[in-house]
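Notes follow the structure.
In our numbering, the protein residues as written are -13 to 392.
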């Protein structure tokens, strides 16, 4: 990681052309205030001047620097400009001027919840991040999120087509069985990001006035770069961008005009860390209805969990096979035959290449293969070991019997 103290305009001018894969900037927001904040123990205070003579002065400040940032970007590089309501209208016009309106890719809304005294207005709970690319051939890594708990994954995994009236219907083979729509990775990430603001007691908080969460910067870096790529943050502040880049195995260059910012950035890079958002985890888990105990048997496999289905716990992603494979895990107190019936009933109309039932208990009942030739029975680890131990005990008894007989 490279860290430079000084005006980012002058330092960026010294950088070579087309070397940066990503530029992320979080410049002064045109708040017309002096921003300041200190550490919890009040041992240090950080502040910077966000006062401007006029809108034109602020716009010119950004314009000159954005021209340099564009120059140092690779042909596949992108820029993410972080701002808020104070100057978003100014920023968008300048970005259109420097990069071109056709290079606009997205306006990301970073949504968070903060509490403050009531005002005679709406409470601000988001900031804007403008995403532009240098050319039309830009690097973009799609990130997928889990399906909503209200989504019927079974329906998504079935292929659809338009009938003669233009209505979407399930595509079926000559026998009337619905066709598989292949593997699904989840829902492509949208442009509204719910990432909590850093709380005062967060491990990564250092007391810098405009510090952003590492989770936010990680997402930006993951979308627009690969491992080994080079990231530039010309207003690096507390160094969050460089910390995120380090955690994701990217290289980085940080610039800031504040000696205090440079000092705290160097300190953070000695032990890069991030805060795991309990709020995000609780928010997701609160709506999950998939059987987490059953899904634990699939750890290490590539699968999509199924919500709201009594017969299927997950679909295994198969890659080259024709469609995904439904899996069910035998429940405590459930016979293997009942588990097989539930799986077969839920999956029989989905035209799947196979069905997998994971046996978790010793079952001496029916031979499932005689009833359902398309279901593959696999023993859980505990079940397989239990059977092995029983077999070993049987061998020991036979050897003892032979010894007594002789």
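Built from N, CA and C at the ideal position, the CB exists for glycine as well.
Since the structure is predicted, the reported quantities are computational estimates derived from the model, not experimental observations.
Following the continuous beta strand (DSSP E) through residue i, name the residue where it begins and the one where it ends.
{"i": "residue 313", "result": "311 to 315"}
{"i": "residue 334", "result": "Neither: residue 334 is in no beta strand (DSSP E) and is coded neither H nor E."}
{"i": "residue -11", "result": "-12 to -9"}
{"i": "residue 181", "result": "That residue, residue 181, is in no beta strand (DSSP E); it is neither H nor E in DSSP."}
{"i": "residue 250", "result": "Not the beta strand (DSSP E): residue 250 falls in the alpha helix (DSSP H), residues 245 to 256."}
{"i": "residue 280", "result": "Careful: residue 280 lies outside any beta strand (DSSP E), inside the alpha helix (DSSP H) at 278 to 281."}
{"i": "residue 155", "result": "154 to 156"}
{"i": "residue 289", "result": "289 to 291"}
{"i": "residue 301", "result": "300 to 302"}
As a quick exercise: from the options, pick the residue whose alpha carbon is nearest that of residue i.
{"i": "residue 318", "options": "369, 218 and 312", "result": "369"}
{"i": "residue 60", "options": "7, 95, 211 and 198", "result": "7"}
{"i": "residue 183", "options": "152, 107, 99 and 160", "result": "99"}
{"i": "residue -2", "options": "254, 132 and 217", "result": "217"}
{"i": "residue 201", "options": "336, 229, 219 and 176", "result": "229"}
{"i": "residue 62", "options": "78, 68, 4 and 108", "result": "4"}
{"i": "residue 69", "options": "48, 157, 149 and 55", "result": "48"}
{"i": "residue 46", "options": "81, 57, 373 and 12", "result": "81"}
{"i": "residue 207", "options": "238, 320 and 257", "result": "238"}
{"i": "residue 86", "options": "246, 313 and 118", "result": "118"}
{"i": "residue 297", "options": "288, 282, 286 and 320", "result": "320"}
{"i": "residue 116", "options": "106, 130 and 89", "result": "89"}
{"i": "residue 227", "options": "341, 10, 129 and 363", "result": "10"}
{"i": "residue 322", "options": "172, 97 and 357", "result": "357"}
{"i": "residue 393", "options": "147, 39, 235 and 346", "result": "Because the chain spans -13 through 392 in this model, residue 393 falls outside it and cannot be assessed."}
{"i": "residue 171", "options": "40, 334 and 289", "result": "289"}
{"i": "residue -6", "options": "221, 153 and 253", "result": "221"}
{"i": "residue 236", "options": "79, 212, 91 and 255", "result": "212"}
{"i": "residue 74", "options": "41, 197 and 285", "result": "41"}
{"i": "residue 124", "options": "147, 145 and 91", "result": "91"}
{"i": "residue 397", "options": "158, 97 and 120", "result": "What is shown of the chain runs -13 to 392, which leaves residue 397 out entirely."}
Within 10 angstroms of the Cβ of residue i, are there 16 or more other Cβ atoms? Answer buried if so, exposed if not.
{"i": "residue 126", "result": "exposed"}
{"i": "residue 174", "result": "exposed"}
{"i": "residue 71", "result": "exposed"}
{"i": "residue 151", "result": "exposed"}
{"i": "residue 199", "result": "buried"}
{"i": "residue -11", "result": "buried"}
{"i": "residue 122", "result": "exposed"}
{"i": "residue 272", "result": "Any reading at residue 272 must be qualified, since the residue scores a pLDDT of 48, below 50, and its modelled position is unreliable; the value itself is stated next. So residue 272 ends up on the exposed side."}
{"i": "residue 375", "result": "exposed"}
{"i": "residue 330", "result": "buried"}
{"i": "residue 295", "result": "buried"}
{"i": "residue 0", "result": "exposed"}
{"i": "residue 219", "result": "buried"}
{"i": "residue 371", "result": "exposed"}
{"i": "residue 113", "result": "buried"}
{"i": "residue 12", "result": "buried"}
{"i": "residue 155", "result": "exposed"}
{"i": "residue 205", "result": "buried"}
{"i": "residue 108", "result": "exposed"}
{"i": "residue 282", "result": "exposed"}
{"i": "residue 130", "result": "exposed"}
{"i": "residue 341", "result": "buried"}
{"i": "residue 160", "result": "exposed"}
{"i": "residue 110", "result": "exposed"}
{"i": "residue 240", "result": "buried"}
{"i": "residue 312", "result": "buried"}
With residue i and residue j assumed to form a contact (beta carbons below 8 Å), what rounded beta-carbon distance in angstroms separates them?
{"i": "residue 315", "j": "residue 301", "result": "No, residue 315 and residue 301 are not in contact; Cβ-Cβ is about 13 Å, not under 8 Å."}
{"i": "residue 332", "j": "residue 343", "result": "Actually they are not in contact, since the Cβ atoms of residue 332 and residue 343 sit about 12 Å apart, beyond 8 Å."}
{"i": "residue 210", "j": "residue 64", "result": "5 Å"}
{"i": "residue 177", "j": "residue 93", "result": "6 Å"}
{"i": "residue 353", "j": "residue 163", "result": "That belief does not hold up - the Cβ atoms of residue 353 and residue 163 are roughly 26 Å apart, past 8 Å."}
{"i": "residue 242", "j": "residue -9", "result": "7 Å"}
{"i": "residue 348", "j": "residue 373", "result": "7 Å"}
{"i": "residue 395", "j": "residue 251", "result": "Outside the displayed range of the chain (-13 to 392) lies residue 395, so it cannot be described from this structure."}
{"i": "residue 16", "j": "residue 44", "result": "5 Å"}
{"i": "residue 179", "j": "residue 76", "result": "Rounded, the Cβ-Cβ distance is 23 Å, inconsistent with contact."}
Tell me residue i's beta-bridge partners as DSSP assigns them.
{"i": "residue 110", "result": "Note: residue 110 sits in no beta bridge, so no partner."}
{"i": "residue 364", "result": "344"}
{"i": "residue 6", "result": "59"}
{"i": "residue 94", "result": "115"}
{"i": "residue 88", "result": "According to DSSP, residue 88 bridges with nothing at all."}
{"i": "residue 242", "result": "-9"}
{"i": "residue 130", "result": "174"}
{"i": "residue 66", "result": "10 and 117"}
{"i": "residue 237", "result": "216"}
First and last residue of the alpha helix (DSSP H) that includes residue i?
{"i": "residue 75", "result": "74 to 85"}
{"i": "residue 230", "result": "226 to 233"}
{"i": "residue 217", "result": "Careful: residue 217 lies outside any alpha helix (DSSP H), inside the beta strand (DSSP E) at 216 to 219."}
{"i": "residue 203", "result": "200 to 210"}
With a threshold of 8 Å (Cβ to nearest heavy atom), would residue i be considered close to the ligand GDP?
{"i": "residue 149", "result": "The ligand GDP is absent from the structure shown, which contains no ligands of any kind."}
Taking CB distances under 9 Å as the criterion, tell me whether residue i reaches chain D.
{"i": "residue 182", "result": "Note that chain D does not occur in the displayed structure, where there is just one protein chain."}
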